[in-house]
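Asks: Residue numbers (the numbering used here): 18 to 404.
1. List the endpoints of the continuous beta strand (DSSP E) containing residue 105.
2. Taking 6 Å as the limit between beta carbons, can you name the residues of its chain near residue 290, skipping five residues before and five after?
3. Looking at residue 298 and residue 195, is the spacing between their C-beta atoms short of 8 Å?
4. Within the same chain, show all residues whose beta-carbon is closer than 8 Å to that of residue 271, passing over the 5 residues directly before and after it, in chain order.
5. Taking its Cβ as the centre, do 16 or more other Cβ atoms sit within 10 Å of residue 217, making it buried, or is it exposed?
6. Does DSSP classify residue 10 as helix, strand or coil?
7. Could you give the residue range of the beta strand (DSSP E) that holds residue 256?
8. Measuring from the CB of residue 22, is there a heavy atom of the ligand SAM at a distance below 7 Å?
9. Note the first and the last residue of the continuous alpha helix (DSSP H) segment covering residue 229.
10. Does the pairing of the segment 26-39 with the segment 73-89 give three or more beta-carbon distances under 8 Å?
11. Measuring CB to CB, does residue 202 end up less than 8 Å from residue 267?
12. Rounded to whole angstroms, how far is the Cβ of residue 113 from the Cβ of residue 83, which I believe are closer than 8 Å?
13. Can you tell me which residues form a DSSP beta bridge with residue 153?
14. What residue range does the beta strand (DSSP E) around residue 82 cover?
15. For residue 105, which residues in the same chain have their Cβ closer than 6 Å to its Cβ, ignoring the five residues on either side in sequence?
16. Cβ of residue 3 within 8 Å of Cβ of residue 279?
17. On the three-state DSSP scale, how would you describe residue 44?
18. Would you list the residues sitting across from residue 35 in a DSSP beta bridge?
19. Is it the case that the segment 359-376 contacts the segment 336-345, given that we only count it when at least three CB pairs across the two stretches are under 8 Å?
20. Starting from residue 214, follow the alpha helix (DSSP H) in both directions and report where the run begins and ends.
21. Measure the alpha-carbon distance for residue 75 versus residue 171 and round it to whole angstroms.
22. To the nearest whole angstrom, what separates the beta carbons of residue 45 and residue 81, a pair I think is in contact under 8 Å?
23. Going by alpha carbons, who is nearest to residue 311 out of 378, 295, 333?
24. Do residue 330 and residue 28 have their beta-carbon atoms positioned less than 8 Å apart in this structure?
25. Compare the C-beta of residue 101 with all C-beta atoms of chain B and state if any pair is closer than 8 Å.
26. Smallest Cα separation from residue 43: which of 58, 33, 163, 219?
27. What three-state label does DSSP hand residue 313 in the structure shown?
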């Protein structure tokens with residue numbers, strides 16, 4: 018393992034992880050949404066909470082919005098609200114899966130009126146990006162079918178391509194969209210964007226402003242996600258991540274909770290593939306159902322930071338030498354040496370150098386912020402999932 022921790026620290030100083038507005042509100046399962054004390058009542062309060070995560074981690078300077086969950090009358094004012102709190106509005110996430118009209122799909126719906134409604138929403142979100150200064154538009158579609166014969170599979174791909182082309186045409190020169198995919202749910206027979214290959218094919222046809230986003234919870238069990246990451250990086254088509262953890266399906270648990278080794282492997286491929294840049298959007302996409310919201314986000318940011326630190330400590334020269342020599346065990350040993358390194362002292366030292374508390378979780382707990390929002394947000398309707 019390399020001993021050049023100074024180089025690792027320099028790279029870690031540049032890390033940026035975006036937190037999602039919806040992770041600060043009430044969320045739950047299909048059976049119950051569990052209300053917590055102090056959760057935000059408005060998009061402004063979500064941003065206030067996101068600013069706390071950045072305050073204690075130093076590497077979470079932007080917050081993603083979800084429309085219409087974060088709909089406001091004045092997006093310029095909302096962006097200014099974020100800047101005043103030391104963060105900025107990041108990715109704009111679309112929502113074409115909650116209205117009753119979308120029961121049979123949104124942009125792939127057989128009804129042209131429904132498709133038009135969905136497309137208008139996507140274009141509205143680009144309008145919002147123009148105001149907030151956001152670079153990325155996140156597109157995820159729940160579209161699909163539940164039964165054989167329900168709809169024409171090829172026709173649905175044609176409708177999807179038509180909608181994506183319209184959005185692509187509307188994007189500004191400094192904007193792009195990130196196209197998400199998901200194996201299943203809520204569609205159970207066919208999903209119109211079920212995997213990275215389908216997303217890649219659509220993005221490849223459109224051009225450089227169309228990029229694939231990898232949600233770590235959206236794959237079949239046993240899928241080698243780091244291979245997907247390496248391939249998309251090689252092709253220049255990896256636009257970003259939605260980081261979370263899964264045990265069974267799209268569980269949206271805290272990143273690194275289920276398989277921290279997988280997160281390390283992914284970050285290794287990102288670093289070695291030249292993806293550790295501002296061109297790749299590293300975003301959390303989680304629903305904190307039972308854990309406190311802000312601490313859950315702080316811990317998640319720290320988990321990504323720790324995995325990144327370990328990946329930066331891989332002795333690449335020794336790894337390449339072992340690979341070239343066909344030394345299977347030697348190469349694996351180099352890899353595992355980095356993963357087994359306790360990077361917490363290094364990160365505590367780095368935070369101190371950055372003027373931050375060495376332990377973000379403890380610093381937040383001491384801050385009194387939770388007590389403040391617990392007592393100050395008692396009145397009014399909490400803004401949670403689907404609000």
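Each residue gets a CB set at the ideal place from its N, CA and C atoms; glycine is no exception.
Replies: A quick look at the data gives this:
1. If you number the chain shown from 1, residue 105 lands on position 88. Per DSSP, residue 105 belongs to the beta strand (DSSP E) from 105-110.
2. For the purposes of this step, residue 290 is taken as the residue at position 273 of the chain shown. 247, 250.
3. Locating residue 195 in the chain shown gives position 178, counting from the first residue. Locating residue 298 in the chain shown gives position 281, counting from the first residue. Contact flag set, yes.
4. Here residue 271 refers to the residue found at position 254 of the chain shown. Around residue 271: 261, 262, 303, 305, 308, 313, 316, 317, 320.
5. Position 200 of the chain shown, counted from the first residue, corresponds to residue 217. Residue 217 should be labelled buried.
6. No answer is possible for residue 10: the residues shown for the chain start at 18 and end at 404.
7. Sequence index remark: in the chain shown, residue 256 carries index 239 (1-based). Counting along the chain, the beta strand (DSSP E) containing residue 256 begins and ends at 255-260.
8. The ligand SAM is absent from the structure shown, which contains no ligand whatsoever.
9. Position 212 of the chain shown, counting from 1, holds the residue named residue 229. Residue 229 -> not in any alpha helix (DSSP H); beta strand (DSSP E) instead, spanning 227-232.
10. As far as the Cβ criterion goes, the segment 26-39 touches the segment 73-89, which means the pair count is three or higher.
11. Locating residue 202 in the chain shown gives position 185, counting from the first residue. Locating residue 267 in the chain shown gives position 250, counting from the first residue. Annotated as proximal: residue 202 and residue 267, with beta-carbon spacing under 8 Å.
12. Reading the chain shown from its first residue, position 96 is the one you call residue 113. Reading the chain shown from its first residue, position 66 is the one you call residue 83. Not confirmed; about 12 Å, so no contact.
13. Walking along the chain shown from the start, residue 153 turns up at place 136. According to DSSP, residue 153 bridges with 193.
14. As a first step, residue 82 must be located in the chain shown, where it is residue number 65. Unbroken beta strand (DSSP E) run through residue 82: 79-83.
15. Within the chain shown, numbered from 1, the residue matching residue 105 stands at position 88. 79, 99.
16. For the chain, the structure presents residues 18 to 404; residue 3 sits outside this window and is missing.
17. Stepping through the chain shown from its first residue, residue 44 is reached at position 27. Strand.
18. Walking along the chain shown from the start, residue 35 turns up at place 18. Looking at the DSSP assignment, residue 35 forms a beta bridge with 300.
19. Cβ pair count under 8 Å is below three, so no.
20. The residue given as residue 214 occupies position 197 in the chain shown. 213-223 is the span of the alpha helix (DSSP H), which, as asked, contains residue 214.
21. Your numbering for residue 75 matches position 58 in the chain shown. Your numbering for residue 171 matches position 154 in the chain shown. Going from the Cα of residue 75 to the Cα of residue 171 covers about 47 Å.
22. As a working note, residue 45 is residue 28 in the chain shown. As a working note, residue 81 is residue 64 in the chain shown. The C-beta distance from residue 45 to residue 81 rounds to 20 Å, too long to meet the 8 Å contact threshold.
23. Taking the chain shown and counting its residues from 1, one reaches residue 311 at position 294. Distances from the alpha-carbon of residue 311 to those of 378, 295, 333 put 378 closest.
24. Sequence index remark: in the chain shown, residue 28 carries index 11 (1-based). Sequence index remark: in the chain shown, residue 330 carries index 313 (1-based). Residue 28 is not a Cβ neighbour of residue 330, given a cutoff of 8 Å.
25. Here chain B cannot be found, since the structure has a single protein chain.
26. In the chain shown, residue 43 corresponds to position 26, counting from 1. Checking every option, the nearest Cα to that of residue 43 belongs to 58.
27. Locating residue 313 in the chain shown gives position 296, counting from the first residue. Of the three classes helix, strand and coil, the one that applies to residue 313 here is helix, per DSSP.
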